[in-house]
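Protein chains in written order, with this note's numbering: chain A, 151 to 265; chain B, 151 to 265.
Glycine included, each C-beta is placed from N, C-alpha and C at the ideal position.
Nothing here was measured: the structure is a model prediction, and the numbers come from that model.
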């Protein structure tokens, strides 16, 4: 018996497949950090097109895929929109405090850069 | 006037040159995470040869260099030994809570892997 899934469903790691090294790598890019910060500030799912990055569309798609495959975000098709949300519960269960410290550090760094 | 430095002094980023993305990248490798955990547990400087990694000597040297150039560790020659220590104060000043959450997450993951 195989599970029936939508052909448009995207692969995500289960919680117990998420690795710290992979999450840190996903977060180690300025564009991906920006995506995570925007999703955090929105406090809700965002469409890919809601997050403007100064890179090409294919590079943007790549960054979202790295975040999804690492377990940091979930991506779900809703109609024609691909919606993105942080996997806060999974992150907090596996790596307590990590996401908050990364988000806080990113904000502080941005403030330093602008000072 | 140039500052007189030892020819054996190694390059380190100043505190304000340390970048979050670069630190996260440095921590996104299992061997480098292990080095950081061992330095944390030792609570003191360790010689490179005190930390045994299941990789070649040149790869070990590479991992230490990535950690030093990111600002996570300092490396200082003392006599013939190259001693390594965490830059806890710099990490905590720039990225409060980050190092502790990464170290705690690495320990939890190791415990899960062994369960």
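In summary, residue 225/B is buried, with 16 or more beta-carbon neighbours lying within 10 Å of its beta-carbon over all protein chains present. Secondary structure of residue 169/A (DSSP, three-state): coil. Listed along chain A, no residue sits closer than 7 angstroms to residue 199/B by beta-carbon distance, the nearest being about 24 angstroms off. Counting only the Cα atoms, residue 220/B lies some 22 angstroms from residue 187/A. For residue 244/B, the three-state secondary structure derived from DSSP is helix. Annotation: residue 160/A is outside any beta strand (DSSP E) and is labelled neither H nor E by DSSP. When DSSP states are grouped into helix, strand and coil, residue 193/B belongs to the coil group.
Taking 7 angstroms as the cut-off, the Cβ atoms of residue 181/A and residue 213/A count as close.
Look at residue 170/A: its C-beta is under 7 angstroms from a C-beta on chain B.
Proximity of residue 247/B to chain A, defined by a Cβ-Cβ separation below 7 angstroms, is satisfied. When 259/A, 239/A, 243/A and 190/A are compared, the shortest CA-CA separation from residue 246/B is found for 259/A.
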